[in-house]
Structure formats: structure tokens, C-alpha cells
Amino acid sequence: MLLNKKEIFKKTELLKSLDDDALDFLSAHALEKKLGRNEVLFLAGDKADGLYVIAEGSVRAFRTGMDGREQVIHVEHAVTTIAEPPVFDDGNYPSTVAAETNARVLFLPKAAVIDACLAHPVLALAGARLLAKRLRRCAELVESLSLREVGQRLAQQLLKEARSIGKTTADGIQFTQPLTHNQLAARIGTVREVVTRVMYRLQQQELVKIDGKTVKIPDLEALASYAETEIPPSNDNK
23 MLLNKKEIFK
33 KTELLKSLDD
43 DALDFLSAHA
53 LEKKLGRNEV
63 LFLAGDKADG
73 LYVIAEGSVR
83 AFRTGMDGRE
93 QVIHVEHAVT
103 TIAEPPVFDD
113 GNYPSTVAAE
123 TNARVLFLPK
133 AAVIDACLAH
143 PVLALAGARL
153 LAKRLRRCAE
163 LVESLSLREV
173 GQRLAQQLLK
183 EARSIGKTTA
193 DGIQFTQPLT
203 HNQLAARIGT
213 VREVVTRVMY
223 RLQQQELVKI
233 DGKTVKIPDL
243 EALASYAETE
253 IPPSNDNK
């Protein structure tokens, strides 16, 4: 059963503290849009007319380099908001956003969000908290890309997946890898060939076991230690 707009808004970190009148006001202004997998919602630099609530599926925010390489900044799943900063600073959209899976989103015009903030200060406070969290996450991404080697970044990505979707088995933590090597490369700031090479090295060191799309991590603490201390060969530092 599909949730209606108001029910969806109640589940988001940004809007959950609003009363029914405010939620009804925003629901009346919300426009629904459906996206196919990899369909672009907006481009970096586009004029920002509002923010989006992800009702179903997931989307990724990314920037594309001059060489065409994609660097994923963050991935958001239902039910959450995306593209909040331009609503408050009158700037353009800072990144391109595309559907990671088939998705349904709700568009909230900037004017409606600002009116709701003025009438309900709790929304402005929630916005400030959410933007602070986004800023902290961006700082962590910059630290990872600038101070950690690619092997460490891949280990961190695998740890994140293990902790979010992994299941405990007799052989350790096991999960189905949802990403291709190209997608992993976009997450950790490298290219597919390097991901393949580093993944092979992780298997040689028995830190991970790969069988098709199935990933097994025998010792989570050992992989976490590797993520903090590993210094790979220089030709992997891309």
C-alpha cells in the first residue's frame, strides 16, 4: 500500500516535527515524479526551485570530472529528503542527482518550504540540524579521498555494506554486493580496474571471500584494522 504525501513527510527527518496543518500545507504543494533507474532528476548547476522527498527507491548525488569519472557524494533512500541547501542559500543545485533504482519522489517548491519555516520555527531548526549532518558527512568524504589510500577506502565501503545489509553466518558476515565494480569505483573515487585489483588483494589476504555477488567477511575487526592502516602499492593510489 502506497503511503500518501502526508504520511511520507511524517517519516522524514526534516519534516517529522511539523503539525498536521503544516503537513497538509506542504502536501497541497507537493508534486510527484517517477524516475527510472539512472534517470537524472537534475544536474549540478541547475537552478534550484525546491527540494525533493524520496518516497520510494533510492537516488545518488554525484559530480562528474572532466574525464567523465563519476564521484558519488552520497546515496539517499526512502524516506528522506535531498537538495535542501539551495532552498536556504538561494544557490543552484550543487550536484547531479540520478535514480539509483526505480524511484518515486515528491517535489516541494522553495517558496512553500520557506513559508513553512517562517510559520513553524521547528522546521528551520530541523533544517539546520540536517544541513550540519550533511556538512559533517562531506568533511568525512573529503578526509577519506584526500588522506586514505584506495585500499582503505574500499575496505571502508565493504564495512559499511556489511554493517547495513550483512547477515551473521558461521563463516562471518555475509551479504550480496549490490554494486558493480564501476559503482564501487564511483563511491570511493577511483576506476573499475583498480577496484578489481584491490578486491583481488583483499581476497589474497583472506580479509574477504568473493563468490559471484556474495561477499563474506570472516573477521570484521581485521578488515576494520586494514581500513585504518593499510598502505597499498603506489600504482593503486588513483
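In this note's numbering, each number is its position in the sequence shown, counted from 1, plus 22. Beta carbons: idealized from backbone N, C-alpha and C, even for Gly.
Out of the options, which has the shortest C-alpha to C-alpha gap to residue i?
i: N60; options: A125, L147, P107 and G234; result: A125
i: S166; options: E29, L53 and T251; result: T251
i: V81; options: V94, D71, G90 and Q225; result: V94
i: E228; options: V213, V101, I210 and Y248; result: Y248
i: I187; options: Y74, V109 and L201; result: L201
i: F64; options: R185, A83 and D233; result: A83
i: R209; options: K182, A150, K38 and R151; result: K182
i: P131; options: D42, L53, Q178 and V213; result: L53
i: A100; options: A134, L242, T212 and G79; result: G79
i: D241; options: A141, I195 and G234; result: I195
i: H142; options: K56, N114 and D41; result: D41
i: I76; options: T123, E243 and E92; result: T123
i: E98; options: R159, L245, D46 and A138; result: R159
i: E243; options: L152, L206, Q226 and Q178; result: Q178
Give the straight-line distance between the Cα atoms of residue i and residue j, rounded to the nearest whole angstrom.
i: E29; j: A44; result: 13 Å
i: L157; j: L36; result: 15 Å
i: F31; j: Y222; result: 43 Å
i: K155; j: A161; result: 10 Å
i: P255; j: S49; result: Confidence is the limiting factor: at P255 the pLDDT is only 47, short of 50, which leaves the residue's position unreliable and the question unanswerable from this model.
i: N204; j: V217; result: 8 Å
i: G87; j: A192; result: 43 Å
i: L21; j: N26; result: What is shown of the chain runs 23 to 260, which leaves residue 21 out entirely.
i: R175; j: I136; result: 38 Å
i: E215; j: A184; result: 23 Å
i: K33; j: I104; result: 14 Å
i: V237; j: V230; result: 7 Å
i: Q199; j: A150; result: 34 Å
i: L224; j: A148; result: 41 Å
i: T212; j: L180; result: 15 Å
i: R219; j: V172; result: 11 Å
i: F47; j: G113; result: 24 Å
i: A133; j: F197; result: 43 Å
Is residue i near the ligand SAH - that is, is its Cβ less than 7 Å away from at least one heavy atom of it?
i: V164; result: The model depicted lacks the ligand SAH and carries no ligand whatsoever.
State the DSSP-derived secondary structure class of residue i, mapped to helix, strand or coil.
i: A294; result: Because the chain is modelled from 23 through 260, residue 294 falls outside the range shown and cannot be assessed.
i: A83; result: strand
i: L245; result: helix
i: T264; result: Beyond the ends of the chain as shown, which are 23 and 260, falls residue 264; an answer cannot be given.
i: L53; result: strand
i: L45; result: helix
i: L40; result: coil
i: E250; result: helix
i: E61; result: coil
i: E98; result: strand
i: E78; result: strand
i: T34; result: coil
i: E29; result: helix
i: G67; result: coil
Self-check item: beta strand (DSSP E) runs wholly inside the region 109-169, at least 3 long, in chain order
Solution: 118-121 and 125-131
Exercise. Counting only runs of 4+ residues fully inside the region 157-233, write out the alpha helix (DSSP H) ranges in chain order.
Key: 172-187, 203-210 and 214-226
Self-check item: Inter-stretch contact (C-beta, 8 Å, three-pair minimum) for the region 105-122 and the region 65-75
Solution: yes
Quiz item: Should the region 72-81 be called in touch with the region 93-112, which here means at least 3 C-beta pairs below 8 Å?
Solution: yes
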